[in-house]
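Taking it in order: structure first as structure tokens, then the write-up.
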Amino acid sequence: MDDVETPIERPDVIVPDTGPLIHLAQTDALHLLHQIGGRVVVADMVAFEATQDMTKPGAQEIQDWLDAGQRHNSNAPVLVASTEIGRLFAKARIVDPTTRAKDSGELAIMQWLGSYVDYHSDASILIVYENGKIPRFVRETGLDMATDVLTTRAFLELAERRGIVSSAEDVWQRIVAVAPTANPQVATMSLRKPK
626 MDDVETPIER
636 PDVIVPDTGP
646 LIHLAQTDAL
656 HLLHQIGGRV
666 VVADMVAFEA
676 TQDMTKPGAQ
686 EIQDWLDAGQ
696 RHNSNAPVLV
706 ASTEIGRLFA
716 KARIVDPTTR
726 AKDSGELAIM
736 QWLGSYVDYH
746 SDASILIVYE
756 NGKIPRFVRE
766 TGLDMATDVL
776 TTRAFLELAE
786 RRGIVSSAED
796 VWQRIVAVAP
806 TANPQVATMS
816 LRKPK
């Protein structure tokens with residue numbers, strides 16, 4: 626595990642895969658994303674994957690959270706980032722509604738991040754993930770901005786250190802109770818712009 630240097634204070638929080646959304650939704654903890662960061666960003670593909678089947682655990686909670694976060698002047702803003710991958714996927718689903726695209730959510734948000742950096746290089750971001758490919762995707766994207774990359778479990782530990790939750794382990798155990806396959810790693814990676 627890499628140690629997080631000085632954590633970013635109120636960054637945009639990027640959620641590049643459905644795991645954190647689903648697991649936080651199932652334990653009524655999506656609000657933690659906003660308490661650590663400001664705006665939360667999910668790619669259009671991640672939003673689609675998390676809510677395409679409303680019978681799945683957490684899907685309705687995620688949809689309600691997305692809707693509330695996209696309202697004008699929301700105090701818990703959520704940006705569903707439109708991506709080229711998302712647009713192409715939507716067109717493909719018109720032709721074949723059973724179309725699937727492996728790693729599309731992760732690839733979509735990495736594509737979006739590349740363009741985000743072009744206009745916000747002085748900004749800071751926090752990426753919360755469960756898909757183990759995300760740190761590699763982030764390194765390969767070569768983000769030229771202060772970036773902290775944390776698993777959901779490491780994110781909960783950050784919330785505990787900041788006094789937002791009294792026990793990260795208690796929240797984690799609630800997640801494991803509903804999602805035994807949740808990524809158990811406490812992994813972090815920090816990238817800082819060279820000075």
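With the sequence shown counted from 1, adding 625 to any position gets you this note's numbering. Note that beta-carbon positions come from the ideal geometry of N, C-alpha and C, so glycine has one too. Please read all numbers here as calculations on a predicted model, not as lab measurements.
For a cut-off of 8 Å, the C-beta gap from Ala793 to Glu782 is around 5 Å, short enough to register as a contact. Ile639 is positioned such that its CB atom lies no closer than 8 Å to that of Ile710. Cβ contact annotation for Val796 (same chain, cutoff 7 Å, sequence separation greater than five): Thr652, Ala654, Leu781, Val790, in chain order. Leaving aside the five residues that flank Gln685 on each side, the residues in its chain whose CB is nearer than 7 Å to its CB run, in chain order, Met679. Contiguous alpha helix (DSSP H) elements confined to the segment 732-814 occur at 759-766, 777-786, 793-803, taking only those with 4 or more residues.
Here the alpha carbon of Pro805 sits roughly 15 Å from the alpha carbon of Asn756.
Within the segment 634-719, the runs of alpha helix (DSSP H) at least 4 residues long that lie entirely inside it are, in chain order, 643-651, 656-661, 669-676, 684-694. In this structure, Val803 sits away from Pro645, with a CB-CB distance that is not shorter than 8 Å. The C-alpha of Asn700 is placed about 23 Å away from the C-alpha of Ile734. Just so you know, the alpha carbons of Tyr741 and Val665 end up roughly 14 Å apart.
Shown here for Leu704: same chain residues with a beta carbon closer than 7 Å to its own, the five before and five after excluded, namely Arg664, Val666 in chain order. Non-local beta-carbon contacts of Ala717 in its own chain, meaning distances under 7 Å to residues more than five positions away in sequence, involve Thr724 in chain order. A check of alpha carbon separations from Asp637 across Lys727, Gln660, Leu649 identifies Gln660 as the nearest. By the neighbour-count criterion, in which a residue is buried when 16 or more other Cβ atoms sit within 10 angstroms of its Cβ, Val763 is buried.
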